[in-house]
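Protein chains in written order, with the UniProt record's numbering: chain A, 1 to 435; chain B, 1 to 435; chain C, 1 to 435.
Glycine included, every Cβ here is placed at the ideal spot set by N, Cα and C.
Report on one structure; see the data block that follows.
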Amino acid sequence: MSVERHYDREFVRTFFTSPTAVEGEDDSAKMIQSAAQLRGLKAPDVWVPDNEDATAPSMRDEGVENIISVVAEHGAEFPGEIHPRMVWHRERPTTRYQGFQHMLQIANPDNGAVEHIDGFVIPEVGDIDDWKKADEFFTIVENEYGLEEGSLSMSVIVESGEAELALGDLRAEMGKPSNNLERLFLLVDGEVDYSKDMRGMTPTGELPSWPELRHNTSRGASAAGLIAVDGPFDDIRDIEGYRERMIDNRAKGMIGIWSLTPSQVVEANTEPLPPQTGSWLLTAGDTDIELEQTNGKHIYDGDSVSLSVEDDDTHHLVVGSDEHTLDRDELRSELLKMTAYVPSMDDIVDSMEEFEAAKEAGKGAIAMTQSATLVIDGVEIDIETDRMWDEATYQAAMTPIALFQDVYEHRTDQHDELEDRYGADVVNRATQVGN
Amino acid sequence: MSVERHYDREFVRTFFTSPTAVEGEDDSAKMIQSAAQLRGLKAPDVWVPDNEDATAPSMRDEGVENIISVVAEHGAEFPGEIHPRMVWHRERPTTRYQGFQHMLQIANPDNGAVEHIDGFVIPEVGDIDDWKKADEFFTIVENEYGLEEGSLSMSVIVESGEAELALGDLRAEMGKPSNNLERLFLLVDGEVDYSKDMRGMTPTGELPSWPELRHNTSRGASAAGLIAVDGPFDDIRDIEGYRERMIDNRAKGMIGIWSLTPSQVVEANTEPLPPQTGSWLLTAGDTDIELEQTNGKHIYDGDSVSLSVEDDDTHHLVVGSDEHTLDRDELRSELLKMTAYVPSMDDIVDSMEEFEAAKEAGKGAIAMTQSATLVIDGVEIDIETDRMWDEATYQAAMTPIALFQDVYEHRTDQHDELEDRYGADVVNRATQVGN
Amino acid sequence: MSVERHYDREFVRTFFTSPTAVEGEDDSAKMIQSAAQLRGLKAPDVWVPDNEDATAPSMRDEGVENIISVVAEHGAEFPGEIHPRMVWHRERPTTRYQGFQHMLQIANPDNGAVEHIDGFVIPEVGDIDDWKKADEFFTIVENEYGLEEGSLSMSVIVESGEAELALGDLRAEMGKPSNNLERLFLLVDGEVDYSKDMRGMTPTGELPSWPELRHNTSRGASAAGLIAVDGPFDDIRDIEGYRERMIDNRAKGMIGIWSLTPSQVVEANTEPLPPQTGSWLLTAGDTDIELEQTNGKHIYDGDSVSLSVEDDDTHHLVVGSDEHTLDRDELRSELLKMTAYVPSMDDIVDSMEEFEAAKEAGKGAIAMTQSATLVIDGVEIDIETDRMWDEATYQAAMTPIALFQDVYEHRTDQHDELEDRYGADVVNRATQVGN
């Protein structure tokens, strides 16, 4: 039996939290009122009215009432899923009981919210037995109100060493008849509290990057048919840093990320989708520089690499403080090593279609050629590179396309923005390829 | 139930090993004689008379006698804990039996040492069943001499793939009634033998850095309420390398490290505590340079970054071989990206106190501002950065303070040195904050 | 009981796959015909006629016949082990049944191939219960034909999150009486399909490097007495990249690697063995440059480091854009930090012999000195460094020597090439040392 995903969305790009009750405002529900009305790229795939850390302890009962009234009013129209975060703590039974009572209240059909609630987020879980305690409360809530068992999905925040270890047990535990852990949906890393639990410290007080935690979360999601989401990126003004974190996450198979603001939601909804235009990267020292494209040529205008020509046999290429004297072929070969191509959505769809045609014609592998004219210090050089595509390459290319198709299917409110980005033709072909 | 730590110290900075019997000396106990008399920053948190690898096999029976006589004489006065390392091997029953006999001898109350012995260190453990064999010998020793069961703590050296895997089982196994694994204390990585067991090789013969092992050890400690300690750093002259390793370890939540010499003990006792003065780091290329502070200004005098001014709208900033032309605001924003502040103990205590006052006044989050005047090539620029502090930031800042408080409580012999370092006022406030 | 390896070879450097049946060729067995006749450094330690991904689905029945005829003809003479790869998939029972039928056919003694078959490779395994299904088919095949139970070894391709998790269970599962998992041999990472299963993505479409997977595979091998092998390196023209990957793998204890071509086999058979001559590395910025040796001096002729002398107290050393003014001793000390020595096979054998002699004379640790004359911009500087050798250093140095001895014992077809490389004297001493 394959790993089945017991939920609608195959991918989640964005996990956006909003405080449920803010003190000192005319309307304490202000933040979730406005969040509930986000649409398009500003609206997250999963919206989390946050009745835990984002909301002061004294405001949490009021937060529950706010969730109910806002979701009852706006839930039907909200384009993403809705998963309020409850209070919970592996070491505090009274907190767990409070979370249970809040769930009972929100899920009461008389309150008119539960039909728009997709599930709840449980923070601060411990080992697998603690996850089962939360699951049991979901089951009781469902039975109390005649909801189908397992219909409320459960997402957890992994923010302790114990919970990280539990990620290895999910696949075996989820099948047991004494629980309903098949309701699991998102595995979300919570690096702030995880750092505290692990006693991690850095000189500047920044959070450690915890690569192994993110790997283990992604692997746990893969093995149990769930979805992995990275934790919050605190410096909301550092867009570049947020993007780099997402690139690093995707190389670990973790495609979703927490968002703290609608601007972060836009970034995180957009970034994992292939770019509208392809681009060449030039690696100089440690950094990859994206070359600027003008009239079909790719231009480097930084200072880390310089190039001058004496004659066809004598090119001087200076990279940092290293100087190479090269003939034209050696120059090409050196530049090929220093460059890489980032394919656009159009490029990926093209290559996949080409491979599908070749496969139909009985070929198992074909070469895809990528060529470009680079311009460095005014010197033009044509480069060309082949990549072999076989079934495995094709399948790997399918990951961003599958993501796109999932977004296109579930987020009709983003269709206009996607067509603005890619053009109607590319969007159309991208929804067809690979099926 | 929370993860409880079954021992006195919440933190261990230093794990210092000394050979128990050296051949060819007048007094074969010379090394442990002098180690037992270390005080203050030169004395480790955990002292390990090492009857395994540091002592020749032929000298190990004599080593046991030396441990007994030295600990009986100096143990009462020694300011840290005392945990002799016994012989043990997951693949050699005779070695295990020898280790058991040595423990019986050292723990015999007639010999006058055991009242100063806090536990034993067991090297070369295998999977969890092997740890249980060692634990059973501890239990027998305790019962033989009427000591309380569990009173001798057990620390292990993780130096095999099997032992690394066992780190994931500890939390579940420690609760079982058929063992006394609650006696566990330190999880210490032993990278030399681990490299052999894993067949790790590097071109120069240096040890691999094994980041995943250190993560797994730290996580195992977190999940089971134990303390993680990194292995020996062989190049005892490379102080800078030792410090860098400790910074890397702390970002993994591994605060303790092995020390081979009293100089390393001083480094490792000092390094994890916050610095006495704050400093600004400037990142140029790959390296962080600590700026020199003179008259309240922070001065960069390296060659990797240069700065010149034409007028307020035209600053030339050269970083490596990249040149930027910037106006004053762009320059500030560029420098903010390149700099980071390392807070002092005083800074941390200040911020925590400020947050505690804000919380009492009903605020959940406040901005802490950090400003400085940088000087690069004689050009002065004022920069200023805000950081939002909420409950989670506060809790994370608590880790180094909790370490300090633990040191202050358990190491009265270091009080003078700590007051010399920080001043009596900061020490006093640091012991109060957060409680 | 120690971890016993249930197979002949202690090390496997190379895992070379060949398509079993190619469409459109006169002889569809052409590729395995030529692979079966490779000898010396071009012949892999483990040869894998690949009836899975390298062979089109429609050709796989013919592939089985080709395996049988080629192995029956050439198997007796082939210098490495032979492990055909069968079809298998954790989520597809019909694929598993097809793999079983192919194994029954190949192992039928009437077909004359099985006496030269060492085992089978099973791809796309899932969790440990899926491994047991494959193992059960091996057992049935063995019993059907009167082969000894466990005589056919089983290697797996780890290419899913579930299989990665299973690596932690092997040691406990292999001892159970209800399976024959002691037949396990190689744990091979398959990063292409693993990336798909984990949903890993990179901007350029390159594979993520998956460091944690490789660690976990290597650790699983260490804990269960098996051998870890890294997956294919697709860019077969990038020899430098292939070598760098192997260096990174060895630092993780993963000594074997997949090879796609005989040229990659030569590289992967050679690279893990110590070099024939030692060399000095100079670290400048991020890169280690191997110094060129001429007349016993080690010459740096790059542009990243420059050196000039005013007088004995004034040397200008420029590294990147940092300039140091140093006296002769400071210069030596600075250069020592920037250099490292890569020992040759001869150096390693020398040091081990020297340590063995010292140990016999009752010494536990001795200093090994390494000295050299460096030449930078025409300036000569003598440097000298000591390294302490103790039993642990000696044991760690044994890893490459044990590899060499294993190769020498099992690959007599490579003796000539090894003597050409190292000289007969070094080869002879290297086969003796450490025993």
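For residue i versus residue j, is the C-beta spacing smaller than 9 Å?
i, j, result
"I239 of chain A", "S263 of chain A", "yes"
"D130 of chain B", "A172 of chain B", "no"
"R39 of chain B", "D413 of chain B", "yes"
"E212 of chain A", "P211 of chain B", "yes"
"E290 of chain A", "S279 of chain A", "yes"
"M388 of chain A", "D234 of chain C", "yes"
"R85 of chain B", "V114 of chain B", "no"
"S222 of chain B", "D197 of chain A", "yes"
"H83 of chain A", "V46 of chain A", "yes"
"I257 of chain A", "T14 of chain A", "yes"
"V192 of chain B", "E162 of chain B", "no"
"D322 of chain C", "D322 of chain A", "no"
"V12 of chain C", "A36 of chain C", "no"
"R90 of chain C", "D127 of chain C", "yes"
"A396 of chain B", "G205 of chain A", "yes"
"H410 of chain B", "R60 of chain B", "no"
"G231 of chain B", "A284 of chain B", "no"
"V427 of chain C", "H415 of chain C", "yes"
Considering only residues of the same chain and omitting the five flanking positions on each side of residue i, which have a CB-CB separation below 6 Å?
i, result
"K297 of chain C", "T373, V375"
"T55 of chain C", "P19, T20, A21, G63"
"V349 of chain A", "R429, A430, V433"
"D312 of chain A", "R328"
"L307 of chain A", "L317, I376, D377, V379"
"D386 of chain A", "A367, T369"
"E52 of chain C", "R85, V87, P123"
"H102 of chain A", "V64, M86"
Can you find the residues in the same chain that come closer than 8 Å, C-beta to C-beta, to residue i, ignoring five residues on each side of it along the sequence?
i, result
"L226 of chain C", "R5, L170, L184, F185, L186, L187, G220"
"N111 of chain C", "I68, A72, Q105"
"V342 of chain B", "P275, G278, S279, W280, L281, E290"
"S2 of chain C", "Reliability of the predicted coordinates at S2 of chain C is poor, the pLDDT of 45 falling under 50, and the value obtained from them is presented with this limitation in mind. The answer is none, since no qualifying residue turns up."
"R243 of chain C", "E267, E271"
Could you give the residue range of the beta strand (DSSP E) that holds residue i?
i, result
"G119 of chain B", "119-122"
"F16 of chain B", "14-19"
"L184 of chain C", "184-189"
"V48 of chain C", "46-50"
Please go through the same chain and pick out, in chain order, the residues whose beta-carbon is closer than 7 Å to the beta-carbon of residue i, but skip the five residues on each side of it.
i, result
"I299 of chain B", "L291, E292, V375"
"S151 of chain C", "E142"
"K252 of chain C", "R214, H215, S218"
"G80 of chain B", "A43, P44, D45, V46, W47"
"P208 of chain C", "S195, G200, T202"
"residue 443 of chain C", "Not covered by the structure: residue 443 of chain C. The range shown for chain C is 1 to 435."
Thinking residue i and residue j are a contact (beta carbons under 8 Å), I'd like their distance in whole angstroms, please.
i, j, result
"K42 of chain C", "V309 of chain C", "The Cβ separation is near 50 Å, so there is no contact."
"F138 of chain C", "N180 of chain C", "7 Å"
Would you kindly report the start and end of the unbroken alpha helix (DSSP H) that includes residue i?
i, result
"R171 of chain B", "170-173"
"G35 of chain B", "In the sequence under discussion, the amino acid at residue 35 of chain B is Ala, which differs from the Gly named in the question. That run of the alpha helix (DSSP H) goes 30-35."
Go through the UniProt domain "Malate synthase H C-terminal" (280-395) of chain A residue by residue and report every complete run of the alpha helix (DSSP H) that reaches 4 residues or more, in order. 328-338, 345-360
Taking only runs that begin and end inside the segment 211-286 of chain B, name each unbroken alpha helix (DSSP H) of 4 or more residues, in chain order. 211-224, 239-250, 262-270
In the segment 98-166 of chain A, which residue ranges form an unbroken beta strand (DSSP E) of at least 3 residues, counting only runs that do not cross its ends? 119-122, 153-158
Would you list, in sequence order, the uninterrupted beta strand (DSSP E) runs of no fewer than 3 residues that lie entirely inside the segment 52-85 of chain C? none
Curious, which full-length alpha helix (DSSP H) runs of at least 4 residues does the segment 403-428 of chain B contain? 415-422
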